[in-house]
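Everything on this sheet refers to the single structure shown next.
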Amino acid sequence: MILSNLEYVPGKQITKHLGLVQGSTVRSKHVGRDIMAGFKNIFGGELVGYTELLHESREEAINRMVEQATSIGANSVLNIRFSTSSITQGASELFVYGTAVVLE
Amino acid sequence: MFELIIFLVLLFFGYFVGQYLESSHYKSIKAREKELNSIPAIATRKLPEEFEACETKLVSGNVVISVDYFKKFVAGLRILIGGRVTTFESLIDRARREAILRMKAEAAQLDANYVFNIKMETSSISKGQKDSIGSVEVLAYGTAIILK
Numbered sequence: 000m001i002l003s004n005l006e007y008v009p010g011k012q013i014t015k016h017l018g019l020v021q022g023s024t025v026r027s028k029h030v031g032r033d034i035m036a037g038f039k040n041i042f043g044g045e046l047v048g049y050t051e052l053l054h055e056s057r058e059e060a061i062n063r064m065v066e067q068a069t070s071i072g073a074n075s076v077l078n079i080r081f082s083t084s085s086i087t088q089g090a091s092e093l094f095v096y097g098t099a100v101v102l103e
Numbered sequence: 000m001f002e003l004i005i006f007l008v009l010l011f012f013g014y015f016v017g018q019y020l021e022s023s024h025y026k027s028i029k030a031r032e033k034e035l036n037s038i039p040a041i042a043t044r045k046l047p048e049e050f051e052a053c054e055t056k057l058v059s060g061n062v063v064i065s066v067d068y069f070k071k072f073v074a075g076l077r078i079l080i081g082g083r084v085t086t087f088e089s090l091i092d093r094a095r096r097e098a099i100l101r102m103k104a105e106a107a108q109l110d111a112n113y114v115f116n117i118k119m120e121t122s123s124i125s126k127g128q129k130d131s132i133g134s135v136e137v138l139a140y141g142t143a144i145i146l147k
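As you go down the protein sequences, you meet chains A and B in turn.
Numbering of the first sequence is given in numbering that gives the first Met the number 0, commencing with residue 0 and proceeding in unit increments.
Numbering of the second sequence is given in numbering that gives the first Met the number 0, commencing with residue 0 and proceeding in unit increments.
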């Protein structure tokens, strides 16, 4: 599976477009991390727990997108975009979408 | 009276620890930027013609950076008179540069030569509600180009 946020893959021809595929996940942080983050809020600096959490969630969203792409017979997802939205305080949605294509 | 003391202590720690963390973060950013200068990050979508045979791979980097008590306080004052909120400018600048660096570091692990079509996304995890955690997340992503 080739993932790319370009609109094409250099040196390869797109034989078929299969439309939009997407994956999303909604995650919330847990209380322990929240308390630590509360301390960090006084001193500043990176919130490592949150960074990891969001990174993992994005991987999960990508996996879901790839699953969907595989099920419709694509071998590549192009023009990938990420999007993040906070639904309520303490939970955010991570969304990834792209175009499934078949490369020769 | 007691509340005032707590406030001043928090402000004091926020200022000194926050400033220290910020300057050491900037130092590490500048050092790593020099190191990763060999991988240019390019915002164009089209590759040059001569890159016919190359491998591509999606790379990304993200970081969540928290505000400190002092920055929050200064921004609160700023809102009364308007104008540039310099304390938050440096915060977001740090987050952006850090995210780009992490993306480049991932590209460097793949022995990539360039990163094309960089996109950035900024989101505030908590939208400045009272008693919530003020932090900003930056995600940078692009396509790493590995020339053969």
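Heads up, the beta-carbon is just placed ideally off N, CA and C, and yes, glycines get one too.
How long is the line joining the alpha carbons of residue i and residue j, rounded to whole angstroms?
i                     : j                     : result
residue 101 (chain A) : residue 11 (chain B)  : 59 Å
residue 47 (chain A)  : residue 14 (chain A)  : 43 Å
residue 81 (chain A)  : residue 89 (chain B)  : 24 Å
residue 98 (chain A)  : residue 110 (chain B) : 27 Å
residue 54 (chain B)  : residue 0 (chain A)   : 12 Å
residue 93 (chain B)  : residue 100 (chain B) : 10 Å
residue 16 (chain A)  : residue 114 (chain B) : 25 Å
residue 91 (chain B)  : residue 63 (chain B)  : 10 Å
residue 22 (chain A)  : residue 74 (chain A)  : 16 Å
residue 78 (chain A)  : residue 28 (chain A)  : 29 Å
residue 105 (chain B) : residue 52 (chain B)  : 21 Å
residue 67 (chain A)  : residue 18 (chain A)  : 11 Å
residue 121 (chain B) : residue 135 (chain B) : 7 Å
residue 78 (chain B)  : residue 103 (chain A) : 57 Å
residue 25 (chain B)  : residue 69 (chain A)  : 43 Å
residue 37 (chain B)  : residue 86 (chain A)  : 39 Å
residue 87 (chain B)  : residue 65 (chain A)  : 37 Å
residue 12 (chain A)  : residue 37 (chain A)  : 51 Å
residue 123 (chain B) : residue 71 (chain A)  : 35 Å
residue 2 (chain A)   : residue 81 (chain B)  : 44 Å
residue 13 (chain B)  : residue 74 (chain B)  : 13 Å
residue 43 (chain B)  : residue 10 (chain A)  : 18 Å
residue 27 (chain B)  : residue 83 (chain B)  : 26 Å
residue 84 (chain A)  : residue 85 (chain B)  : 25 Å
residue 22 (chain B)  : residue 39 (chain B)  : 25 Å
residue 20 (chain A)  : residue 76 (chain A)  : 8 Å
Residue i CB to nearest chain C CB: under 8 Å?
i                     : result
residue 122 (chain B) : Annotation note: the requested chain C is absent from the structure, which comprises protein chains A and B.
When DSSP builds the beta bridges, which residues end up paired with residue i?
i                     : result
residue 42 (chain A)  : B:67
residue 81 (chain A)  : A:95
residue 19 (chain A)  : A:98
residue 5 (chain A)   : Residue 5 (chain A) pairs with nothing; no bridge assigned.
residue 118 (chain B) : B:140
residue 57 (chain B)  : B:142
residue 104 (chain B) : Answer is none; residue 104 (chain B) lacks a bridge partner.
residue 16 (chain B)  : Note: residue 16 (chain B) sits in no beta bridge, so no partner.
residue 76 (chain A)  : A:2, A:99
residue 113 (chain B) : B:144
residue 25 (chain A)  : A:92
Among the candidates the options, whose CA atom is the shortest distance from the CA of residue i?
i                     : options                : result
residue 141 (chain B) : B:14, B:56, B:21, B:49 : B:56
residue 48 (chain B)  : A:39, A:8, A:64        : A:8
residue 66 (chain B)  : A:39, A:19, A:18       : A:39
residue 106 (chain A) : A:63, A:12, A:71       : Chain A is shown from 0 up to 103; residue 106 (chain A) falls before or after that span and cannot be answered.
residue 4 (chain A)   : B:37, B:107, B:46      : B:46
residue 133 (chain B) : A:34, A:11, A:71, A:2  : A:34
residue 103 (chain B) : B:9, B:80, B:41, B:13  : B:41
residue 18 (chain B)  : A:44, A:76, A:84, A:83 : A:44
Can residue i and residue j be called in contact, C-beta distance under 8 Å?
i                     : j                     : result
residue 76 (chain B)  : residue 42 (chain A)  : no
residue 15 (chain B)  : residue 144 (chain B) : no
residue 112 (chain B) : residue 146 (chain B) : yes
residue 119 (chain B) : residue 95 (chain B)  : yes
residue 107 (chain B) : residue 61 (chain B)  : no
residue 7 (chain B)   : residue 59 (chain B)  : no
The stretch 69-77 of chain B contacting the stretch 47-65 of chain A, beta-carbon criterion three pairs below 8 Å: No, the stretch 69-77 of chain B is not in contact with the stretch 47-65 of chain A.
Margin query: Under 8 Å: do the stretch 0-10 of chain B and the stretch 91-99 of chain A share three or more Cβ pairs, one atom per stretch?
Written below: Contact annotation: the stretch 0-10 of chain B does not touch the stretch 91-99 of chain A, with fewer than three C-beta pairs closer than 8 Å.
Any contact of the stretch 58-65 of chain A with the stretch 23-34 of chain B, i.e. 3+ C-beta pairs under 8 Å? By the Cβ rule, the stretch 58-65 of chain A does not count as touching the stretch 23-34 of chain B, because fewer than three pairs are nearer than 8 Å.
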